[in-house]
Every structure is written in C-alpha cells, then in structure tokens.
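Report on the structure given below.
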Amino acid sequence: MGRILITSALPYINGIKHLGNLVGSQLPSDVYARFARARGHEVLFICATDEHGTPAELAAAKAGEAVADYCARMWQVQKDIADGFRLSFDHFGRSSSSRNHHLTQHFAGRLADAGLIEEVSEKQVYSKADGRFLPDRYIEGTCPNCGYERARGDQCENCTKQLDPTDLINPRSAISGSTDLEVRETGHLYLRQSQLRDRLREWIDSKTDWPILTTSIAKKWLDDGDGLQDRGITRDLDWGIPVKKGDADWPGMEGKVFYVWFDAPIEYIAASAEWADATGQGDAAWERWWRTDKGADDVRYVQFMGKDNVPFHTLSFPATVLGSGEDWKLVDYIKSFNYLNYDGGKFSTSEGRGVFMDQALDILPSDYWRWWLMANVPESSDSNFTWEAFQAGVNKDLADVLGNFVSRVTKFARSRFEEKVPDTGEYGPDEQALIEDLTRRLKAYETHMEAIDLRKGAQELRGIWAAGNEYLQAAAPWALFKTDPDRAGAIVRFSLNLVRFYAVLSQPFIPDASRAMLDAFDGEDCAWPEDVSAALSSLTPGSAFTTPEVLFAKITDDAREEFSTRFAGTA
RNA sequence: GGGCCUGUAGCUCAAUUGGUUAGAGCAGAGCGCUCAUAACGCUUUGGUUGGGGGUUCAAGUCCCUCCGGGCCUACCA
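Residues in the first sequence are numbered from 29 upward in steps of one, following my numbering.
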C-alpha cells in the first residue's frame with residue numbers, strides 16, 4: 029500500500045460556490061480520496077479557501093464587513109457546506125493562515141537568493157476615489173477599436189481585441205465608476221519563470237500519462253510567442269501576505285502583498301502544516317508528505333482542478349518549487365476537468381442562474397448530487413446539467429437499480445425469514461457464476477478508479493448494482509420458497525451479502541447511503557473486498573439485520589418542474 | 001488574430017491509441033415476473049461516426065479543407 033497526497037483546487041472565498049465549481053475539483057478529489065483510503069492507502073487530503081485578491085476585498089466591502097471578518101465568516105460557511113457534501117478533507121485550511129504567511133515569505137526569500145526575483149518599476153492606474161490601484165479588468169471605458177462602451181482594460185469583450193488600460197477612451201473605475209484616475213509608478217517583484225523554462229519543459233515532457241488537456245495548456249504557455257513570460261507576484265493591496273524576504277523586510281516593498289496566485293498553491297503545503305498543528309503533531313508529520321529529503325520520496329501527489337487552473341499548477345507553482353532549490357515534492361499527476369454548464373448556458377452568480385451548493389443541499393441529499401455529478405463529470409469535454417437528465421439519472425440509478433434492490437431483498441428476507449440472515453441451503457452454480465462476473469467487474473472498477481476515470485468508474489459500479497437484479501430475477505427465491513425453502517434461504521443469504529458488498533464498493537460515491545446499508549448489518553466490517561467469494565459469505569448466517577428505510581426517494585415531476593423554475597435565474 | 005479541445009443512435013457517453021459486423025445506459029417498442037420504491041428481468045427498433053477530399057491492405061481513429069460548439073490567451077481568480 030502506498031501513500032497518496034491529494035489536493036483539491038482552492039475555492040475562492042467570495043461567496044458560495046455553484047455546482048460547476050464543486051464538480052471540477054472538490055468532489056472528484058473526494059471520491060478519489062475515499063477510494064484510495066478504502067483500498068488501504070495512507071492518504072492526506074487537503075483543501076482550503078483562497079482568500080486574497082481584489083475580489084475578496086470588494087466582496088467584503090459589499091457585505092459591509094472588514095475583509096478579515098468577511099473571510100473568516102465565509103470560511104465557516106464553505107466549511108459547513110463541504111461537510112454537508114461529505115467532502116472528507118483531512119484539513120480544510122485558509123490561505124490567510126500564519127503558516128501560509130511564513131511559507132510564502134520563505135519561498136520568496138529562497139527565490140530571491142537564487143536570483144529568480146526581479147524588481148520592476150511599472151506604471152499602473154490608480155483610482156483616488158477607490159483608494160486603490162485597479163487591475164486592468166477593473167477599468168472600463170470605450171474601446172478604441174470598435175467603440176464598445178464597456179470594454180475592459182485587458183480586453184474588449186465586444187471585438188475581443190487585447191487592450192492596455194491606457195488605450196481606453198474615457199476610462200473609469202469598474203468598482204465605483206469614478207473617472208478620477210491617474211497613472212502612478214509602482215514597484216513590483218517578478219518571478220523569473222523564463223529562467224526555468226528548460227527545466228519546466230523537461231519536467232512536463234516526462235509526464236506522458238497526463239491528460240492531454242493538462243499538457244497542451246502547459247506547452248502552449250511554454251512556447252507561445254517569446255516563450256514563458258516572467259510573472260508579477262506582488263500587488264498593491266491591503267489584504268494579503270506582506271511582501272517579505274523570509275523573515276526580513278524587503279526594502280521598497282513596504283505596504284505591498286504577494287499576488288494571490290503566488291500564495292494560493294503554497295497553501296497546499298501550508299494547509300498540511302495547519303493539519304499537523306490542528307492534530308497536535310510536529311512538523312515531521314507534514315514534512316514526510318512534502319519534503320523528499322524527509323520521507324516524501326514514496327508519496328504519489330495528485331492534484332484536482334478545473335482547466336482554468338492548469339497554467340498555474342503546471343508552470344507558476346512548479347517554478348516556485350523548483351526555484352527554491354529545496355527538496356519539495358512536485359505533483360505527480362494533474363487531473364483537470366472541463367466545465368459543467370447549466371441547462372445549455374453558464375452558471376451565473378450575478379444572475380442567480382443555476383444551483384449553488386447550499387441550495388443543492390437544501391432540496392436534496394448530498395448523495396444525489398454526488399452520484400449524478402460524478403456519473404456525468406466533464407472529463408472529456410464540457411457537460412451539461414439539466415433537471416430532466418438529473419431526475420432521470422438519479423431515479424433510475426439510485427432509486428430503481430440500487431435502492432430498489434436493497435428494498436426487495438431486505439423486505440423479502442423480513443417477511444419470509446424473520447429479519448435474519450438465512451442459514452439454510454448452500455451456494456450453487458448461479459452464485460458461483462455471479463461471483464466470477466463480479467470478480468471481473470470489480471477489477472474493472474478498480475482499474476478505472478485508480479486511473480481516476482471517474483465516469484467509467486461510476487458506470488462500472490452501476491453495472492455491479494444491476495448484476496444483483498439480474499441474479500435475483502433469475503434465481504426467483506419468491507417462487508422457490510414454496511417448493512424448496514432451504515434453497516430460497518441460500519439465495520436470500522447471498523443477496524443480503526450483495527447489499528453489504530455494494531455498500532462497501534459504493535462508499536466513494538454515495539457515502540451516506542453506504543453507511544445506511546452497512547448499518548442494516550451492524551456494519552463494522554467495511555473492508556475493501558480482496559476476494560469476492562469471501563466477501564459474499566461474510567454475513568453470519570442466523571444473525572439479525574434491520575430492514576433499512578427507502579434509501580433514495582424519487583424526484584417527482586412536480587418537484588423537478590419547481591426546481592427548474594426556481595433556479596432559472598433572472599436573465 | 002493565435003493556440004488548444006470537441007462533433008459518434010432521439011439524449012448522455014464508449015470504442016483496447018490504425019485492425020473483424022462502431023458498443024453501453026437512458027428514452028421508445030414487445031414479452032416475462034410479482035420479492036420490491038409501478039420497481040426488476042429478457043428481447044428489440046435505432047448510426048453514410050458534422051460535410052467533402054486524401055493516405056493505407058485497413059480510417060470513428062492519421063493528413064488537408066469547410067461547417068458547428070467550447071476553452072485559454074499571462075493584472076479576475
């Protein structure tokens with residue numbers, strides 16, 4: 029058994045995330061983490077909130093709160109929702125933690141010592157009314173190219189032409205609308221990624237098993253134009269990690285903070301340190317996951333993220349890690365996802381279009397969402413959420429195939445065998461055939477899950493569930509009960525063992541339902557099956573069980589229509 | 001503008017990386033079963049693989065071209 033370090037891309041702090049955010053990193057990483065744990069691997073599963081940057085400051089201002097208070101509150105909100113979705117992080121940290129402050133400053137110091145930091149003086153737009161420098165896209169004005177009046181400082185959305193903020197006619201702050209803008213000189217630090225281009229390319233080229241979505245984005249940035257560009261890693265903001273060189277002040281950088289994309293990935297490491305702190309362990313506990321000179325050599329590190337995060341995880345963060353000259357663990361595998369759309373369009377926070385994580389839990393149990401989202405996870409291309417597809421998928425897979433199987437088996441056993449595992453009869457050829465079939469299917473399921481092909485994994489799991497119905501239909505214990513009750517008992521015993529078997533295998537996708545299924549049998553033994561035959565004989569004949577409640581109530585047409593209307597948005 | 005991804009049954013997706021007759025689930029049709037959440041099982045209809053051209057003994061897969069959908073393009077994160 030190995031050791032697997034798993035990180036989910038960090039959800040940004042400025043509000044509750046929608047299902048599209050959930051499906052691209054947090055949920056798939058959780059399914060994989062649960063699978064890896066169930067298989068006996070030692071797992072450290074890390075996530076955190078990404079708290080810095082202009083949008084966090086603006087969101088706090090809109091809420092009328094201090095940024096620190098706002099972030100603390102939203103962290104708790106996101107943590108509670110994550111718990112509601114049964115996301116099994118070993119630690120859910122905060123990028124604003126003192127651990128991350130120190131580690132980010134440490135990396136900056138190491139990079140400076142290695143000659144990989146350049147101090148650059150540049151001109152930026154300052155808004156007096158807002159009291160802040162404005163990022164390019166927070167400046168609006170008329171496009172000099174097409175005359176569109178709401179062009180942004182980085183690009184005109186109308187004609188797609190790339191712009192410089194100073195190109196705009198009648199520029200104004202997108203925050204306040206103020207036109208009282210001026211260009212000021214300000215000093216910033218740049219990470220000299222260009223110096224690391226060859227090392228990064230060599231590293232990327234060695235990753236022949238990565239998804240093409242991941243490597244193609246990385247190579248594009250390595251080769252585009254003049255090649256990999258140096259990148260500013262500081263900002264003129266109040267809320268963030270103060271620019272320091274290790275523990276020392278950085279002359280000329282007073283009052284500045286690190287750019288959110290510099291400190292956010294470092295939080296993967298810092299959150300692991302927070303985990304060690306929170307669990308009363310010393311530094312060695314987290315360093316053995318992250319330092320190859322301190323025991324992390326045998327760790328497999330897997331990252332999960334949406335495709336928009338790929339450049340930062342394939343280039344910027346590795347540049348930081350490599351450039352430090354220290355023995356930090358680099359990522360071994362990057363699983364990236366496309367986007368989930370909502371009923372043919374995008375999820376929209378501003379228009380209230382689509383389903384947000386808190387709303388999802390308000391209307392249906394987390395297992396429903398977990399199952400459908402993973403069975404339809406956008407692995408190969410963008411996928412689409414519709415209420416019709418969601419209703420059909422949940423009702424068919426969870427209620428009809430799995431839930432009804434559990435129901436028909438346990439209720440039959442209750443009415444004919446006194447709610448006990450029958451101890452009569454022997455398994456015969458039918459059971460042997462299903463054991464052989466399930467042995468093949470289990471192997472396929474494990475192979476898909478190890479490769480993080482979650483859609484295929486879900487499909488195989490569904491096939492495993494369906495095999496139970498096929499067996500039961502052919503064995504027909506309700507008919508045999510009248511002529512050969514002992515044999516009927518063996519069939520029911522086998523079927524009850526199937527329920528327990530399904531509970532164990534399904535746990536990565538639908539942990540709550542799995543728990544309910546195991547609880548029917550005093551389910552202490554939930555070990556992953558090494559041998560299907562043994563696993564299907566594990567219930568003690570003659571022992572009592574409890575008939576569970578309906579596992580999955582169906583989504584009615586009325587409910588579906590109500591949801592569809594409620595989440596359609598304002599636009 | 002540039003780069004990348006993508007187009008396969010009514011719908012959602014596969015196809016061992018160029019190799020037999022392109023497969024699953026859902027939806028539809030028919031039959032069976034009565035333990036079960038009107039659930040389950042069996043059978044079955046349905047494809048000029050976006051259009052056109054090319055390479056090859058062989059193309060869904062490789063090349064060219066056209067058409068459609070999407071993403072990224074470095075100061076939103």
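Glycine is no exception: its CB is placed at the ideal position from the N, C-alpha and C atoms.
Two segments are said to touch when three or more pairs of C-beta atoms, one from each, lie closer than 8 Å; by this definition the stretch 550 to 559 does not touch the stretch 410 to 419. Taking P393 as the centre and dropping the five residues before and after it, the same chain places the C-beta of D540 closer than 7 Å to its C-beta, in chain order. The stretch 124 to 135 makes no contact with the stretch 189 to 209; the number of CB pairs closer than 8 Å stays below 3. At a Cβ-Cβ threshold of 9 Å, I203 and L162 count as neighbours. Distance from the CA atom of V95 to the CA atom of N42, rounded to whole angstroms, is 10 Å. If you draw a straight line from the Cα of G159 to the Cα of D208, it is about 11 Å long. Around the beta carbon of V327, 16 or more other beta carbons sit within 10 angstroms, so the residue counts as buried. Under the criterion of beta carbons closer than 8 Å, K335 and S364 qualify as touching, at roughly 5 Å. Bounds of any alpha helix (DSSP H) do not take in Q309, whose DSSP letter is neither H nor E. Between K248 and L265, the gap from beta carbon to beta carbon reaches 9 Å or more. Within the same chain, Cβ atoms closer than 6 Å to the Cβ of L115 are found at Q54, D58, the five residues on either side in sequence being excluded.
Counting the other CB atoms within 10 Å of its CB gives M385 a total of 16 or more, which places it among the buried residues.
For S364, the enclosing beta strand (DSSP E) has its first and last residue at 361 to 365. Counting the other Cβ atoms within 10 Å of the Cβ of I240 gives fewer than 16, which makes it exposed. If you ignore the 5 residues before and after L38, its C-beta comes within less than 6 Å of the C-beta of A76, D78, A292, all in its own chain and listed in chain order. For K272, the secondary structure class from DSSP, reduced to helix, strand or coil, is strand. Between the stretch 421 to 439 and the stretch 456 to 473, the count of Cβ pairs shorter than 8 Å is below three; the stretches do not touch. V71 is positioned such that its CB atom lies closer than 9 Å to that of D118. Excluding its 5 nearest sequence neighbours in each direction, A87 has C-beta neighbours in its own chain below 6 Å: N42, listed in chain order. DSSP, read as helix, strand or coil, puts E70 in strand.
Take A518, set aside five residues on each side of it, and the residues of its chain with a beta-carbon closer than 8 Å to its own are P450, T452, G453, E454, Y455, G456, E459, in chain order. Q501 counts as exposed, since fewer than 16 other beta carbons sit within 10 angstroms of its beta carbon. Rounded to the nearest angstrom, the gap between the Cα atoms of N198 and G169 is 5 Å. The C-beta distance from I261 to R398 rounds to 37 Å, too long to meet the 8 Å contact threshold. Secondary structure in the stretch 70 to 112: the beta strand (DSSP E) runs of 3 residues or longer, each lying completely within the stretch, are 70 to 77 in chain order. In this structure, I74 and A299 form a Cβ contact; the two beta carbons are roughly 5 Å apart against a cut-off of 8 Å.
Contact check between the stretch 340 to 349 and the stretch 210 to 218: fewer than three CB pairs, one atom from each, fall below 8 Å, which does not count as touching. A distance of 9 Å or more separates the beta carbons of T132 and F345. Distances from the CA of G353 to each of L144, A246, R212, E558 were compared; the closest alpha carbon is that of L144.
Assignment of beta-bridge partners to V560 by DSSP yields no partner. With a cutoff of 9 Å on beta-carbon distance, R381 and T575 are scored as not near each other.
Take V148, set aside five residues on each side of it, and the residues of its chain with a beta-carbon closer than 6 Å to its own are H216, Y218, in chain order. Nearest C-alpha to Y154 among R200, F522, F290: R200. Distances from the CA of V405 to each of N173, G421, Q221 were compared; the closest alpha carbon is that of G421. Using a Cβ distance threshold of 9 Å, L426 and D395 count as a contacting pair. Spatial neighbours of L224 in its own chain (CB-CB distance under 7 Å, excluding positions within 5 residues in sequence) are listed in chain order as A347, L350, G351.
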